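Peer 1:
Numbering (mature numbering (1 follows the signal peptide of the UniProt record, and there is no 0)), first residue to last: -22 to -1, 1 to 265.
(1) Which first and last residues belong to the alpha helix (DSSP H) in which residue 56 is found?
(2) Using 8 angstroms as the threshold, is the region 104 to 114 in touch with the region 123 to 135, meaning 3 or more CB pairs across them?
(3) Spatial neighbours of residue 12 within its chain, please: C-beta separation below 8 angstroms, excluding the five flanking residues on both sides.
(4) Decide if the region 36 to 45 is in contact with the region 57 to 68; the criterion is three or more beta carbon pairs, one per stretch, under 8 angstroms apart.
(5) Taking Cβ to Cβ, would you say residue 80 is nearer than 8 angstroms to residue 56?
(6) Please state if the CB of residue 116 and the CB of residue 96 are separated by a distance shorter than 8 angstroms.
(7) Once you ignore the five residues that flank residue 36 on each side, which residues in its own chain have a CB closer than 7 angstroms to its CB?
(8) Taking all protein chains shown into account, decide if residue 144 is buried (16 or more other Cβ within 10 angstroms of its Cβ) or exposed.
(9) Is residue 92 helix, strand or coil when you go by DSSP?
(10) Compute the distance between the beta-carbons of residue 59 and residue 91, then report whether it is under 8 angstroms.
(11) Looking at residue 25 and residue 17, is the spacing between their C-beta atoms short of 8 angstroms?
(12) Report the option in 71, 61 and 73 whose CA atom is closest to the CA atom of residue 86.
(13) When you compare only the Cα positions, how much space is there between residue 94 and residue 167?
(14) What's the call for residue 111, buried or exposed, on a 16-neighbour Cβ count within 10 Å?
(15) Which first and last residues belong to the alpha helix (DSSP H) in which residue 2 is found?
(16) What are the boundary residues of the alpha helix (DSSP H) that residue 73 is part of?
(17) Near residue 9, which residues of its chain fall below 8 angstroms by C-beta distance, leaving aside the five closest residues on each side in sequence?
(18) Using a 10 Å radius around the Cβ and a threshold of 16 neighbouring Cβ atoms, would you call residue 109 buried or exposed?
(19) Looking at the structure shown, is residue 257 part of a helix, part of a strand, or coil, going by DSSP?
(20) What is the DSSP secondary structure of residue 178, counted as helix, strand or coil?
(21) Classify residue 261: buried if its beta carbon has 16 or more other beta carbons within 10 angstroms, exposed otherwise.
(22) In three-state DSSP terms, what is residue 52?
(23) With DSSP as the reference, label residue 39 as helix, strand or coil.
(24) Is residue 163 buried or exposed, if buried means 16 or more other CB atoms sit within 10 Å of its CB?
(25) Using 10 angstroms around the beta-carbon of residue 82, count the other beta-carbons present and answer buried if the total reaches 16, otherwise exposed.
(26) With distance defined between alpha-carbon atoms, name the residue in 51, 39 and 38 nearest to residue 272.
This is the structure:
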C-alpha cells in the first residue's frame, strides 16, 4: 500500500499575521516560497538548498524542517527525512498548529514504513492521530504498519529458528570436520606405527636370516669338524696300519738279518771245523 506524503505550503503558515516581520523572516519567506515551487516541479536538490538557506535565517522553524523532511522523503532519502522530521518535532512550541504536528508525525511514520521500521512507524502514526483523530490516511497507515510488524515478528522468529538450525548445522559440520581431522591424525599415527612395525619386522627377518645363516654355518662347521675328525681318525688308523706294516716289515727284516747272522755264525763255525755238506749232508766246498 502506498501512502501520499503530505505537503503543506509552509510559507502560508510562516508568515501569518502572528509573526512579527523582520529582515531575516522576510528573506526566509522568499527562500521558502522559491523552494516550494521547485518542490512541486521535482527539483529536489535546489529545493533542499533553499530550505537550508532559510534555516540559516530561522534555525528553530519546525515548518521549514517539516518541508525539508518532506522533500528528502520524496528523494528516497528516508533516513535523512526522519532526521529532519525529528528536528521539526524538537522545535514544536505552543504556537505550532496541530495540523503541522499531525502532518510531521504522519510523514515521519510513512518514512519509517519505507525503512521497514514498523514499530517506529506505529509510534509516529499514533501521535499523528492524537493531533488529528479524524485523519483516515493515518488510520489506514497505522493498520498497515501493525500488520507488517506481525509478519516481521513471525518471519524473524522463523529466521531466528533457521539461524539456530544453521548454527547447529554449522556446529555439527565443525564437529564433523574436527572428527575427520582427528580420524586423519589417528590414521596418520596408525600408518606411522604400521611403518615402524614393518621396519621392525624387516629387521627381525634380517636378524632371523642372520641367525639361520649362523646356525647353518655352525652346522657346517660341526659337519666339517666331524668329517675332519673322521678323516683324521681314518688317517691315524691308516698311519697306524702303515706303522704296523712297517714294524712287521722291519720285524721281518730283522728276522732275516738274524737268520743271516745265524747262518754266518754257523758258517764260520763250520769253516772253523772244515765241514762242508751237500744236500742233506755236508759238502766240502771253498767259498
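Beta carbons: idealized from backbone N, C-alpha and C, even for Gly. This structure is a prediction, so every number in the text was calculated from the model and none was measured.
Peer 2: Working from what's here:
(1) 56 to 68
(2) no
(3) 28
(4) yes
(5) no
(6) no
(7) 2, 3, 6 and 42
(8) exposed
(9) helix
(10) no
(11) yes
(12) 61
(13) 57 angstroms
(14) exposed
(15) 1 to 19
(16) Premise fails: residue 73 is in no alpha helix (DSSP H) and is neither H nor E.
(17) 28, 29, 31, 32 and 35
(18) buried
(19) Per-residue confidence for residue 257 stands at a pLDDT of 42, beneath the threshold of 50, marking its modelled position as unreliable; the derived number appears in the next sentence. Looking at residue 257 - three-state DSSP - the assignment turns out to be coil, as it is neither helix nor strand.
(20) helix
(21) Low local confidence applies: a pLDDT of 31 at residue 261 is under 50, so the model's placement there is unreliable, and no value is given.
(22) helix
(23) coil
(24) exposed
(25) buried
(26) The first residue shown for the chain is -22 and the last is 265, placing residue 272 beyond what the model contains.
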